[in-house]
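According to our numbering, the residues represented by the sequence shown are 1 to 167, in order.
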Amino acid sequence: MTTLKAGDSFPEGVAFTYIAPAPETSEFSACGMPIKYDASKEFKDKKVVLFALPGAFTPTCSASHVPGYVAKLAEFKAKGVDQIICLAYNDAYVMSGWGKANGVKDDSILFMSDEGAKFSKSIGWIAGERTNRYGIIIDHGKVVYAELEPHLQALEVSSADAILAQL
């Protein structure tokens, strides 16, 4: 278990699962099939903001955390961010549904599953069996920012505003 910090390379062998947004599955009642997302490979060629939270449809996550990112998408793009990833321990079906419930039906924010909180456990940032609340900025494979919230309801280091201030 190694905590990530600025200056580290993003670890090898990290993969998440998600359901790729598509017009035919954009309605809440339609669902695609989960696919693997090789984060270690994908992050080598992109500037990525990854924010993790304890779970889909939970109070702070739904009321504040995700809406901040949805509202500030243009600001992230203006700062050169290629991809925003919302990560939680929930399965890919739940994450896909949660994205749609937040009005995200394209790839502007990818809602991904850290199944079994495998990645979060590997960096020591878990809350029981769930992913903890944290924010990471990866620029072409290098971690330039990685911070864990002081408690589960905090939005001091992983909110959209906090991450934008680091870009």
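Built from N, CA and C at the ideal position, the CB exists for glycine as well.
Model, not experiment: these values are computed from the prediction.
(request) Please say whether leucine 50 and isoleucine 123 have beta carbons closer to each other than 8 Å? (result) Indexing the sequence shown from 1 puts residue 123 at position 123. Indexing the sequence shown from 1 puts residue 50 at position 50. Annotated as distal: isoleucine 123 and leucine 50, with beta-carbon spacing of 8 Å or more.
(message) Comparing C-alpha positions only, which one of Val14, His65 and Lys36 sits nearest to lysine 118?
(response) Within the sequence shown, the letter at position 118 stands for residue 118. With distances taken between Cα atoms, lysine 118 lies closest to Val14.
(message) Tell me the DSSP secondary structure of glycine 103 in three-state form.
(response) As a position in the sequence shown, residue 103 is number 103, starting the count at 1. Glycine 103 falls in the coil class under three-state DSSP.
(request) Check whether the Cβ atoms of serine 158 and glycine 135 lie closer than 8 Å to each other. (result) Along the sequence shown, read from residue 1 onward, the residue named residue 158 stands at position 158. Along the sequence shown, read from residue 1 onward, the residue named residue 135 stands at position 135. Their beta carbons are under 8 Å apart, which means serine 158 touches glycine 135 by this criterion.
(message) What does DSSP give as the partner residue(s) for tryptophan 113 in the beta ladder?
(response) Mapped onto the sequence shown, residue 113 falls at position 113. It is worth fixing the name first, because residue 113 is serine in this sequence and not tryptophan. Answer by DSSP bridge pairing, in chain order: Thr17 and Ala88.
(request) Could you pull out every unbroken beta strand (DSSP E) segment of at least 3 residues lying fully inside the stretch 105-166, listed in chain order? (result) 110-113, 134-139 and 142-148
(message) Considering only their Cβ atoms, is the gap separating serine 96 from isoleucine 19 smaller than 8 Å?
(response) The residue you call residue 19 lines up with position 19 of the sequence shown. The residue you call residue 96 lines up with position 96 of the sequence shown. Contact: yes.
(request) Over the uninterrupted beta strand (DSSP E) stretch that includes leucine 50, give me the two end residues. (result) Locating residue 50 in the sequence shown gives position 50, counting from the first residue. Boundaries of the beta strand (DSSP E) around leucine 50: 47-52.
(message) Whole angstroms are fine: how far does the CA of glycine 80 sit from the CA of leucine 155?
(response) Here residue 155 refers to the residue found at position 155 of the sequence shown. Here residue 80 refers to the residue found at position 80 of the sequence shown. If I take the Cα positions, the gap works out to 23 Å.
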